[in-house]
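Quick notes on the structure that follows.
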Amino acid sequence: MSAKNRDNKNRWRNITVGFRVSPEKNERINKAVALSGLPKQEYCYRRCLNQDVVVQGNPRVYKALKQELAAVLAELQRIEAGNRMDEELLNFIELIAVIFGGLKGKEQNE
1 MSAKNRDNKN RWRNITVGFR VSPEKNERIN KAVALSGLPK QEYCYRRCLN QDVVVQGNPR
61 VYKALKQELA AVLAELQRIE AGNRMDEELL NFIELIAVIF GGLKGKEQNE
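Just so we're aligned: 13 in UniProt numbering is position 13 of the sequence shown, and the numbers increase by one with no gaps anywhere.
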């Protein structure tokens, strides 16, 4: 039998919450989780409970930002060639800007 799990406040975690998403929504969730630097479970807790998601700068976050910015650059180059920009790209650029703004603000405070 598996060991009983308790969280960091010594509470039992024996209830599972799950939901279905489309492949597109799954990709958006995974990108946001990667950019947050949090485990997926913690990210989902905070978002579902309307709590702040504070990004802690670390090598994983910077690598995710670099990869996503490369993807954004490719999309912007595609758009420059005369193609249409979609709303999802604008939302994603806004998310990256918020994360960078938070990282910049945190570094200035230290």
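C-beta atoms are modelled at their ideal positions from N, C-alpha and C, and glycine is treated no differently.
Practice prompt. Would you mind working out which of Leu65, Pro23 and Lys40 sits nearest Val98, comparing C-alpha positions?
Written response: Here residue 98 corresponds to residue number 98 of the sequence shown, with the count starting at 1. Taking only the C-alpha atoms, the option nearest Val98 is Leu65.
Practice prompt. Whole angstroms is fine: what's the gap from Glu68's alpha carbon to Asp7's?
Written response: Start at 1 with the first residue of the sequence shown, and residue 68 comes out as number 68. Start at 1 with the first residue of the sequence shown, and residue 7 comes out as number 7. Linking Glu68 to Asp7 through their CA atoms gives a straight-line distance of about 32 Å.
Worksheet item: Per DSSP, which one or two residues make a beta bridge with Arg28?
Response: Here residue 28 corresponds to residue number 28 of the sequence shown, with the count starting at 1. Answer is none; Arg28 lacks a bridge partner.
Item to complete: Decide if Leu38 is buried, meaning its Cβ has at least 16 other Cβ atoms within 10 Å, or exposed.
Response: The residue you call residue 38 lines up with position 38 of the sequence shown. Taking all protein chains shown into account, Leu38 has 16 or more neighbouring C-beta atoms within 10 Å of its C-beta and is therefore buried.
Worksheet entry | Inter-stretch contact at 8 Å, needing at least 3 Cβ pairs: the segment 25 to 38 / the segment 46 to 63 | Verdict: yes, contact present.
Fill in: Delimiting residues of the alpha helix (DSSP H) encompassing Pro59
In the sequence shown, counting from the first residue as 1, residue 59 sits at position 59. Pro59 to Glu80 is the extent of the alpha helix (DSSP H) around Pro59.
Worksheet item: Are the beta-carbon atoms of Glu75 and Leu95 separated by less than 9 Å?
Response: Translated into the one-based positions of the sequence shown, residue 75 becomes position 75. Translated into the one-based positions of the sequence shown, residue 95 becomes position 95. Against a cut-off of 9 Å, the Cβ pair of Leu95 and Glu75 comes out as no contact.
Worksheet entry | Per DSSP, the bridge partner or partners of Arg6 | Here the question's residue 6 lines up with position 6 in the sequence shown. Arg6 pairs with Trp12.
Worksheet item: Can you give the Cα-Cα distance for Ile15 and Ile93, rounded to whole angstroms?
Response: For the purposes of this step, residue 15 is taken as the residue at position 15 of the sequence shown. For the purposes of this step, residue 93 is taken as the residue at position 93 of the sequence shown. Near 35 Å, if we compare the C-alpha coordinates of Ile93 and Ile15.
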